[in-house]
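Residue numbering for the sequence shown is -26 to -1, 1 to 157, as defined by mature numbering (1 follows the signal peptide of the UniProt record, and there is no 0). We put the beta carbon where it would ideally sit given N, CA and C, even for glycine.
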Amino acid sequence: MNTPTPRKTAALALAAAGLLSLVGCSGGGREYAVPHRICEVPMPSSAVEPLLPDGKKLHQSRRLIGDDGTVTGCQTAVVDGPLAVSVDITELDKPLTEDDRHSSLESLEHARNIHMSGTHWAVQGDSRLHLSTPCGTKAADSLSFRFSFAKEAEGTEVTRDTTLRFAEEFVQGEKKKEGCTAS
């Protein structure tokens, strides 16, 4: 008969306690709820959740940048922690040009042109994305979006797929919010 000895029992208990401590203390995690809106734009949690870092509290801000009121800055960050998502939205009286697209290709790390439905063009780098899209309102013929995402923040899954999914949802929601008529 194979009866556990006190030594084997102690070793098993110690191993189990060590495993439980690793599982229970795996980095703090995310203590805040995934928001349903990012900078006043309704968003599905499936597009937002992979990009949010671990932390206790999330802070969002949306404000006009500059004197003419054509640029809006939007930031979502963990309080006392990393910036999760930053978006600059610019109202334009005409679309960005091919020269602008080439500048984006040169300025983004590992950049490439991507297809994004409803845009003039889109360029994606490792953790940034630039695009131009039609709007069709009196205030803006077109909109320009410049996204930046937390690259290596604890708890995030920043990939080309997750950032593109977020950008597609955000652009669609922002265009609706702005009353854009062009698609």
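Where are the beta strand (DSSP E) runs, 3 residues long or more, that stay fully inside the stretch 6 to 74, in chain order? Whole beta strand (DSSP E) segments, 3+ residues: 32 to 39, 45 to 52, 57 to 66.
If we call anything under 8 Å between Cβ atoms a contact, is leucine 117 one with glutamate 65? yes
Residues in its own chain within less than 7 Å of glycine 55 by CB, not counting five upstream and five downstream? Pro27, Gly29
Where does the unbroken beta strand (DSSP E) through leucine 117 begin, and where does it stop? 116 to 123
Alpha helix (DSSP H) containing valine 145: first to last residue? 134 to 152
Taking just the CA atoms, how far does glycine 2 sit from residue 218? Residue 218 lies beyond the range of the chain shown here (-26 to 157); nothing can be said about it.
Measure the alpha-carbon distance for serine 78 versus serine 60 and round it to whole angstroms. 16 Å
Tell me the DSSP bridge mates of alanine 96? Ile88, Leu105
Enumerate in chain order the residues of its own chain whose CB-to-CB distance from leucine 151 is below 8 Å, with the five nearest sequence positions on each side excluded. Reading off the sequence shown, one finds lysine at residue 151, where the question assumed leucine. So the qualifying residues of the chain are Glu14, Val15.
May I have the straight-line CA-CA distance separating methionine 90 from glutamate 5, to the nearest angstrom? Cα to Cα, methionine 90 sits roughly 33 Å from glutamate 5.
Taking 8 Å as the limit between beta carbons, can you name the residues of its chain near serine 101, skipping five residues before and five after? Glu83, Ser122, Phe123, Ala124, Lys125, Val132, Thr137
Close-in-space but distant-in-sequence residues of the same chain around alanine 156 (CB under 7 Å, 5 per side omitted): Pro108, Cys109, Gly110
Who are the Cβ neighbours of glycine 147 in its own chain at under 7 Å, not counting the five residues just before and after it? Val15, Pro16, Met17
Mind checking whether histidine 33 and serine 19 have CB atoms under 8 Å apart? no
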